[in-house]
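Quick note, the working numbering runs 34 ahead of the 1-based positions in the sequence shown. Even glycine gets a Cβ: it sits at the ideal position worked out from N, Cα and C. In what follows, a structure is listed as structure tokens, so that the remarks can point back to it.
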Amino acid sequence: SEQSVVVVDSVYDAVRERFASHGGYLLQGKELKAVQDVILKNGALNAAIVGQPAYKIAELAGFSVPATTKILIGEVKVVDESEPFAHEKLSPTLAMYRAKDFDDAVDKAEKLVAMGGIGHTSCLYTDQDNQPERVAYFGQKMKTARILINTPASQGGIGDLYNFKLAPSLTLGCGSWGGNSISENVGPKHLINKKTVAKRAENMLWHKLPKSIYFRRGSLPIALDEVITDGHKRALIVTDRFLFNNGYADQITSVLKAAGVETEVFFEVEADPTLSVVRKGAELANSFKPDVIIALGGGSPMDAAKIMWVMYEHPETHFEELALRFMDIRKRIYKFPKMGVKAKMIAVTTTSGTGSEVTPFAVVTDDATGQKYPLADYALTPDMAIVDANLVMEMPKSLCAFGGLDAVTHALEAYVSVLASEFSDGQALQALKLLKENLPASYNEGSKNPVARERVHSAATIAGIAFANAFLGVCHSMAHKLGSQFHIPHGLANALLISNVIRYNANDNPTKQTAFSQYDRPQARRRYAEIADHLGLSAPGDRTAAKIEKLLAWLESLKAELGIPKSIREAGVQEADFLAHVDKLSEDAFDDQCTGANPRYPLISELKQILLDTYYGRNFTDSDGAAVKVEIPEVVKADKTAKKNA
């Protein structure tokens, strides 16, 4: 971790203030001396402070600081071994030096490196585009193997995360400067001390979706004509028993058979598809040998069909490897096999919520072990999506509500995700606008309002495109586990959790910020406020916190209109059962693939608090006591005081 910071005089006070506002504790008077005395013991680092949180170190020094304090900062002047703060401290204690100008700052940094960090890592924060001479000068002066520009040293030094041109390594050698044999991974080039000056550079991104998307009422037979004209001869339809028994599959098979395409229907998919069922479907595929697989239904038939597709194309696949977690879907350590060699994948959605028809995700459960295998790779994206609202006109109200709120959650989480981009933002916002304007009517009027049904159906797919590329967050992480444990429908689980997740994320000073190269500062509060603006919920002059409160008020009103319970307890989960599982739910949610894209990187204890608050119907409140930090102008405060006195 960073051991010392040297700040040029012209910005010193501003940096000092920023440290203080983001969890740094600036030691004063006797406190500074007390911490200096506890850092070293008999001239060496005191083992008692190693790896301890800031408040524990303060206790060892004889005073107290808030438990939420992230780091103890000592403003010191001496740059030699007589100053305890100048040493490597292996703890959240930071030396802060004032320099008269840039040259003086580099000189001080050079001395600090020579004293205790030679060969390791140094970091410069500057305008890298307009002051390249400073980058060059700093790189020339520092005797460190890693010279980072505008990059957190502790995480940036390991490579890839903040600059994909810096080779990743968890073994950070210091070269011969630091008495090491190497400065990175072993190789002939390590006979020479090598410096790397790495400017912060964002990762390459992409925006992927099916090759074709057919939408509007009555689009199903027109879309199937593409299957016919492309020359496909054998189609396997994967669906569930309800859709098969009620004639939905016939709408596909009748068109294909009339054109001479042979068809087979597998209709044994149930909610939360299992490996045994998927393998049975894959066996049918292997015997029938389709050149097109058509998934018909909601999330479960689509998940099952995608995984049958993998098994059919690549029977040698090991799901343990395909299900490995990763920080970035574009940089898997296990390469997903090439799909589409034997068969094309088409997804026909009969629900308005999951968005699976346009996403690269699927989940299967091993019914022998209970282990869930979440698969995520763009190779799983269907080749074609068919979004025909005629298929959802008779959808029951509960499915409309749960699916609609699932789509709302998809769009909300995609918009505040650390991977959100200008390509996904518009889709997330448009989906929310369509849902706000049409979901209540679709729920209340059903097939009597086909326009509302169609727009909600489209919105769910648009939200799916957004989160297929921007990904989701901890609301889905917790909903996955909550739904699995207590058999709560996925959309309902999201609806129960989303308001408290917004309260949790709406914090500009989070305990931990999710690390991603393009996400350089907490942005969730601003992004939620932008959503409120786009939906017409805010008024001119509203502050950020007021906009977030209005967004939350709209969500709560929408959930009430759609008949959503106010808490997990009201949803029918028994208290003793919930409390017996909440710790495991929190741990498993932390380990969910969706967690890595959440704008606030959670602690397990924080996820547990969200779950507990949602169970009892309480608003989540951060540890500083503010559910959402409300910024009230002085004139408003005065007006409120006058009304109270009156």
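C-beta contact flag for residue i and residue j at 9 Å
i           : j           : result
residue 488 : residue 435 : no
residue 179 : residue 209 : yes
residue 197 : residue 190 : yes
residue 43  : residue 170 : no
residue 181 : residue 120 : no
residue 473 : residue 486 : yes
residue 596 : residue 623 : no
residue 467 : residue 569 : yes
residue 497 : residue 465 : yes
residue 110 : residue 92  : no
residue 83  : residue 128 : no
Euclidean distance between Cα positions of residue i and residue j
i           : j           : result
residue 162 : residue 156 : 15 Å
residue 593 : residue 337 : 27 Å
residue 219 : residue 153 : Unreliable positioning characterises residue 219 in this predicted model, as indicated by a pLDDT of 42, which lies under 50. The coordinate reading is nonetheless provided below. Their backbone Cα atoms lie some 15 Å apart in a straight line.
residue 598 : residue 522 : 12 Å
residue 540 : residue 273 : 40 Å
residue 311 : residue 303 : 7 Å
residue 30  : residue 408 : Beyond the ends of the chain as shown, which are 35 and 680, falls residue 30; an answer cannot be given.
residue 694 : residue 520 : Absent from the model: residue 694. The displayed extent of the chain is 35 to 680, so no value can be given.
residue 308 : residue 342 : 11 Å
residue 444 : residue 630 : 15 Å
residue 291 : residue 433 : 31 Å
residue 284 : residue 319 : 19 Å
residue 643 : residue 440 : 22 Å
residue 172 : residue 587 : 51 Å
residue 195 : residue 296 : 50 Å
residue 270 : residue 264 : 16 Å
residue 12  : residue 200 : The structure shown has nothing for residue 12, since the chain only spans 35 to 680.
residue 333 : residue 202 : 37 Å
residue 585 : residue 544 : 20 Å
residue 659 : residue 610 : Bear in mind that the predicted position of residue 659 carries a pLDDT of just 42, short of 50, making it unreliable; the figure below should be weighed with that in mind. So the alpha carbons of these two residues sit roughly 27 Å apart.
residue 552 : residue 234 : 9 Å
Per DSSP, the bridge partner or partners of residue i
i           : result
residue 197 : 235
residue 644 : Paired residue(s): none; residue 644 is not in a bridge.
residue 181 : 156 and 231
residue 268 : 296
residue 681 : The shown model of the chain, from 35 to 680, leaves out residue 681, and the question about it has no answer.
residue 585 : According to DSSP, which records beta bridges pairwise, residue 585 is partnered with nothing at all.
residue 656 : Residue 656 pairs with nothing; no bridge assigned.
residue 248 : 420
residue 398 : 407
Test: residue i CB closer than 9 Å to a CB of chain B
i           : result
residue 264 : Absence of chain B from the displayed structure is noted, only one protein chain being present.
Three-way DSSP call (helix, strand, coil) for residue i in this model
i           : result
residue 287 : helix
residue 43  : helix
residue 36  : coil
residue 134 : coil
residue 597 : coil
residue 255 : helix
residue 624 : helix
residue 263 : helix
residue 408 : strand
residue 650 : helix
residue 86  : coil
residue 75  : strand
residue 96  : coil
residue 567 : helix
residue 681 : The requested residue 681 is not part of the displayed model; the chain covers only 35 to 680.
residue 274 : strand
residue 50  : helix
residue 172 : helix
residue 449 : helix
Nearest candidate by alpha-carbon position, reference residue i, set the options
i           : options               : result
residue 427 : 323, 385, 615 and 329 : 385
residue 602 : 640, 528 and 324      : 528
residue 77  : 56, 115 and 606       : 115
residue 536 : 84, 654 and 309       : 654
residue 281 : 117, 299, 396 and 270 : 299
residue 64  : 97, 443 and 37        : 97
residue 89  : 431, 550, 106 and 62  : 106
residue 378 : 389, 415, 242 and 404 : 415
residue 506 : 393, 371 and 516      : 393
residue 145 : 557, 92 and 39        : 39
residue 301 : 380, 91, 268 and 339  : 339
residue 51  : 130, 37, 92 and 334   : 130
residue 420 : 165, 253 and 266      : 253
residue 45  : 112, 147, 86 and 160  : 160
residue 75  : 61, 95, 647 and 279   : 95
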